[in-house]
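Q:
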Amino acid sequence: MSAEKLYDLTQLTAMMGDSEGVKMMLNIFLESTPKILNEINEGFATNDFDVLARSAHKLKSSLDMMKIDTLHTVIRQIDRIENVIANKDQLELIIEKINTTLNEVFIQLTNEKSVNNQV
Amino acid sequence: MSAFKVFVVEDDPFYGEMLKYHISLNPDYIVEKYETGKEVLNNLYKNPSVISLDYSLPDMSGLEVLRKVKENNPNVPVIIVSGQEDVSTAVNLLKEGAYDYFVKDDETKDRIWNALKNIRDKEKLEKEIDVLKEEIGKKYAFGNIIKGNSPEIKKVFTMIEKAIGTSIIVSITGETGTGKDLVAKAIHYNSNRSRYPFVAINVSAIPKDLIESEMFGFEKGSFTGANYRKIGKFEEAGKGTIFLDEIGEMDLNMQSKLLRVLQEKEVTRIGGHSLVKIEARLVVATHRNLAEEVQKGRFRQDLYYRLLGLPIFLPPLKERGNDILMLARYFVDDFCNENNIPKKSLSHNAQEKLMTYSFPGNVRELKAIMELAAVMSNGDLIDDTDISFSSPDRNTDFLLDLDDTLQGYTRRIIKYNLDKYDNNIVRVAKKLDIGKSTIYRMLKNKEL
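Here the protein sequences come in this chain order: Z and A.
Counting in the working numbering, the first sequence runs from 1 upward without gaps.
Counting in the working numbering, the second sequence runs from 120 upward without gaps.
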């Protein structure tokens, strides 16, 4: 994975108004997103498209707010059950892309947090 | 003002927390966050002021939640926040009663912020309107608007009470200044229609050519100058009360149109085709004797019977005996209170002067007389000299009162002329061709 930053906090900062608010939201993101990612993976593993679509839908607005642009289109390929069915053949690739990107985002965010805390 | 409670319903914990944080920046808002439809429905008993609802929830759709919220309380505004840009879904939700529909994007927070502000402002205005309506209701409570203990006025009270309990048409008759409009308002504001509008039309004040459009409204383009659609007064009144004052002045052509509306309980705006149902209660008033007007061919007989309903006759003030003094004291007290001046009472002579006057302008005239008297009197006592009658036909009615002695008539004639000539004894003596000493003697003996 490249070292390029996969997220952009400009929109979130504008929304929250102060760094305390941003910090709080990043903590929530790091806490809630892995759980939703887990739901997506489980849905995929058990062929439960309903769970898969609902979890992806749940994640969509968070990804938009964090401006994780590489997943903008990808997440929309599975955010509704009809979209999941339409992209059934590519599901594995889509799920993999989401997992690798988000795991990298978690690492980058954790690093950014620790750097900020040191400062 | 009670707390403005905002429910944020969002299954994405990140987005939900962000909305909660952002909305909570306004210290006047109390925000509660829920992640499922079931959760929010179970908490509706907390009476949210507004609900921000994610369209796609894990357990049910936004539409289902919206319907259940509206079943519970149709007045709670629901803002739908959705990740989908789907116009048909948005239109459908708005039709179902959603307050607004926002797509999650960069501007969502500002849109929600503005929507909450608008909803809160509207809520404030509605509360203010409720308070004002309540105050108007109090103002028009029986005891506050119609004062009197005479048997004549007590009959009026009885009739008003009967009118309040039903939707029967009420026809109020009485001389000018007896308070016909106040009775109409008392009926409205004490009835179960008080939450709805009270719409009054003074038939004599509106030009003949305009009365129809004023009463029934018109469609855009229905005549030259009809540049917009206008709702008529009958429609405007909704489930409230429509008060047609001076109904006796309505021309025959308009009378037949009104009769048709009353029979059909529907109106058609001028130039329009669709029928609008009339639900308002009708109260009419006139200073004329409508039965006589019917005989003279100036008022339609069928409309007369249709309007008769519950007749309430307001007696002239001169027939209400001691109510005159009671009302005089009330008007003085009220005036003194309003103007922050010390309370004033009525001298014996002032009372006598009031009791012998005919009050052609009735209660309205008495009010004006007493307010002027309160201004004119210097001390805490209003004397007869502070009271001046301005009515054109002054108290000449006493000449028709045959139940008096010659001495009584003499006293009244002298008193009348003293009033008329501002107590100029020389002038009055000359006018009546009597000696000044006669007047001085009568004054000394308190005969005047």
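All C-beta atoms, glycine included, are put in the ideal place defined by N, C-alpha and C.
#1: Give a yes or no on whether 8 Å exceeds the smallest Cβ distance from Ile28(Z) to chain A.
#2: Beta-carbon within less than 6 Å of Met495(A)'s beta-carbon, same chain only, minus the 5 sequence neighbours each way: which residues are those?
#3: Enumerate, from N- to C-terminal direction, the unbroken alpha helix (DSSP H) stretches of 4 or more residues contained entirely within the stretch 533–558 of chain A.
#4: If I follow the unbroken beta strand (DSSP E) through Thr387(A), where does it start and stop?
#5: What residue does the alpha helix (DSSP H) around Glu338(A) start on, and which one ends it?
#6: Exposed or buried, which one is Asn481(A) when buried takes at least 16 other CB atoms within 10 Å?
#7: Between Gln11(Z) and chain A, is the shortest Cβ-Cβ distance under 8 Å, so that the two count as touching?
#8: Give me, in chain order, the residues of the same chain whose beta-carbon lies closer than 6 Å to that of Ile291(A); leave out the 5 immediate sequence neighbours on both sides.
#9: Taking only runs that begin and end inside the stretch 2–75 of chain Z, name each unbroken alpha helix (DSSP H) of 4 or more residues, in chain order.
#10: Determine the burial state of Ser201(A): buried for a count of at least 16 other Cβ atoms within 10 Å of its Cβ, exposed for fewer.
#11: What residues in its chain sit with their C-beta under 7 Å from that of Asn564(A), if we drop five residues either side in the sequence?
#12: In chain A, which residues lie less than 7 Å from Lys58(Z) when you measure between Cβ atoms?
#13: Suppose you measure from the CA of Tyr347(A) to the CA of Lys157(A); what does that come to, to the nearest Å?
#14: Spatial neighbours of Ser286(A) within its chain, please: C-beta separation below 6 Å, excluding the five flanking residues on both sides.
#15: Report the three-state DSSP secondary structure of Ala217(A) (helix, strand or coil).
#16: Of all Cβ atoms in chain A, is any one closer than 8 Å to the Cβ of Ser61(Z)?
#17: Whole angstroms are fine: how far does the CA of Phe123(A) sit from the CA of Ser171(A)?
#18: For Asn103(Z), which of helix, strand or coil comes out of DSSP?
#19: So what does DSSP say about Ala234(A), is it helix, strand or coil?
#20: Can you tell me whether Arg560(A) is buried or exposed? The criterion is at least 16 other CB atoms within 10 Å of its CB, across all chains shown.
#21: For the 8 Å Cβ check, are there 3 or more pairs between the stretch 353–362 of chain A and the stretch 315–335 of chain A?
#22: Tell me whether Phe133(A) sits in a helix, a strand or coil according to DSSP, three-state version.
#23: With a CB to CB cut of under 6 Å and the five nearest residues on each side skipped, what residues in its chain are close to Glu566(A)?
#24: Taking 8 Å as the CB-CB cut-off, is Glu383(A) touching chain Z?
#25: If you run the structure through DSSP and keep just helix, strand and coil, what is Asn497(A)?
#26: Out of Leu52(Z), Asp64(Z), Leu71(Z), which one is the CA nearest neighbour of Met137(A)?
#27: Does the Cβ-Cβ distance between Val127(A) and Tyr148(A) come in under 8 Å?
#28: Indicate the three-state DSSP secondary structure (helix, strand or coil) for Ile264(A) in the structure shown.
#29: Using the three-state DSSP reduction, which class does Pro270(A) fall into: helix, strand or coil?
#30: For Gly21(Z), return the contacting residues in chain A, with the cut-off set at a CB-CB distance below 8 Å.
#31: Please specify which runs of the alpha helix (DSSP H), each continuous and at least 4 residues long, are wholly inside the stretch 133–187 of chain A, giving them in chain order.
#32: Can you find a CB in chain A that lies within less than 8 Å of the CB of Gln108(Z)?
#33: From this set, Ser341(A), Phe335(A), Asp370(A), which residue's C-alpha is nearest Thr387(A)'s C-alpha?
#34: Suppose the cutoff is 7 Å on Cβ atoms and the five residues either side in sequence are ignored; what does the same chain contact list for Gly357(A) look like?
#35: Within a Cβ cutoff of 6 Å, which residues of the same chain sit near Leu160(A), ignoring the five residues on either side of it in sequence?
#36: My output table needs one value for Phe362(A): the three-state DSSP class, helix, strand or coil.
A: By the coordinates alone:
#1: Yes - at least one Cβ of chain A is within 8 Å of the one on Ile28(Z).
#2: The beta carbon of Met495(A) sits closer than 6 Å to the beta carbons of Asp505 from its chain, once the five residues preceding and following it are set aside; these are given in chain order.
#3: If we require 4 residues or more, the alpha helix (DSSP H) runs fully inside the stretch 533–558 of chain A come out as 544–551.
#4: Membership of Thr387(A) in the beta strand (DSSP E) is indicated by the continuous run 385–387.
#5: Element bounds for Glu338(A): n/a, residue is neither H nor E.
#6: With 16 or more other Cβ atoms within 10 Å, it is buried.
#7: Cβ-Cβ to chain A under 8 Å: yes for Gln11(Z).
#8: Contacts found: Lys299, Val302, Ala404, Ile431.
#9: The DSSP assignment places 10–16, 19–45, 49–65 as complete runs of the alpha helix (DSSP H) inside the stretch 2–75 of chain Z, in order along the chain (cut-off: 4 residues).
#10: Result: buried.
#11: Cβ neighbours of Asn564(A) within its own chain (closer than 7 Å, five residues either side excluded): none.
#12: Going along chain A in sequence order, the residues near Lys58(Z) (Cβ under 7 Å) are Asp130, Asp131.
#13: Spanning the two alpha carbons is a distance of roughly 47 Å.
#14: Correct list, in chain order: Arg400.
#15: Ala217(A): coil per DSSP, three-state reduction.
#16: Flagged as an interface residue toward chain A: Ser61(Z), by a C-beta distance shorter than 8 Å.
#17: Cα to Cα, Ser171(A) sits roughly 13 Å from Phe123(A).
#18: Here Asn103(Z) sits in helix by DSSP.
#19: It is helical.
#20: Exposed is the call here.
#21: Yes, they touch.
#22: Note: Phe133(A) maps to helix in three-state DSSP.
#23: Within the same chain, Glu566(A) has close Cβ partners Arg530.
#24: Cβ-Cβ to chain Z under 8 Å: no for Glu383(A).
#25: Three-state DSSP puts Asn497(A) in coil, outside helix and strand.
#26: Just measuring C-alpha positions, the residue of Leu52(Z), Asp64(Z), Leu71(Z) sitting nearest Met137(A) is Asp64(Z).
#27: In terms of Cβ geometry, Val127(A) and Tyr148(A) do not form a close pair [threshold 8 Å].
#28: In the structure shown, Ile264(A) adopts helical secondary structure according to DSSP, grouped into three states.
#29: The answer is helix: DSSP assigns Pro270(A) an H, G or I state.
#30: Using a Cβ-Cβ cut-off of 8 Å, Gly21(Z) is close to Tyr140 of chain A, given in chain order.
#31: Listed in chain order, they are 156–161.
#32: For Gln108(Z), no CB of chain A lies under 8 Å from its own CB, so it is not counted at the interface with that chain.
#33: Minimum Cα distance to Thr387(A) is reached at Phe335(A).
#34: Around Gly357(A): Tyr315, Pro316, Glu398, Ala399.
#35: Cβ neighbours of Leu160(A) beyond the five flanking positions: Lys187.
#36: Residue state for Phe362(A) is assigned as strand, using DSSP reduced to three classes.
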